[in-house]
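Asker:
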Amino acid sequence: MQSSDLGNRERGKLWHRKPAPAAQQGVIVNIIHSATGYHSKTIRFLNVAFDSSGDSLLAGDHQGNIYVFDLTGNR
């Protein structure tokens with residue numbers, strides 16, 4: 001399983017090689033959202049949702065940030 005730290009990135013790839021689900025859990029990628037100026041702690045996503053086709057993922061965190069992940073485009 002791959003990990004991708006969002007940090008202060010606004011765009012970029014989610015994974016750098018072809019995604020493959022973890023053997024037993026089916027996890028494709030572990031997305032980490034950490035902020036350096038926010039007491040150096042990991043900020044958890046509050047809500048996430050897929051679009052009707054399952055190609056995009058929308059996530060919002062406790063700080064009011066909203067993220068859109070294009071899963072098929074790896075962005």
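Residue numbers (full-length UniProt numbering): 1 to 75. Think of the CB as a built atom: it goes at the ideal place given N, C-alpha and C, for glycine as much as any other residue.
1) Enumerate in chain order the residues of its own chain whose CB-to-CB distance from H62 is below 8 Å, with the five nearest sequence positions on each side excluded.
2) When DSSP labels each residue in this structure, what does G64 get in the three-state scheme?
3) With DSSP collapsed to three states, give me the class of residue 84.
4) Contact check, G60 vs I66 under 8 Å by CB: the rounded distance?
5) By the three-class DSSP mapping on this structure, what secondary structure does S56 have?
Answerer: Short version:
1) Cβ neighbours of H62 within its own chain (closer than 8 Å, five residues either side excluded): I43, R44 and L46.
2) Coil, per DSSP.
3) Only positions 1 to 75 of the chain appear in the structure, and residue 84 is not among them; the question remains open.
4) Their Cβ separation, rounded to whole angstroms, is 5 Å, which keeps G60 and I66 in contact under 8 Å.
5) Correct three-state label for S56: strand.
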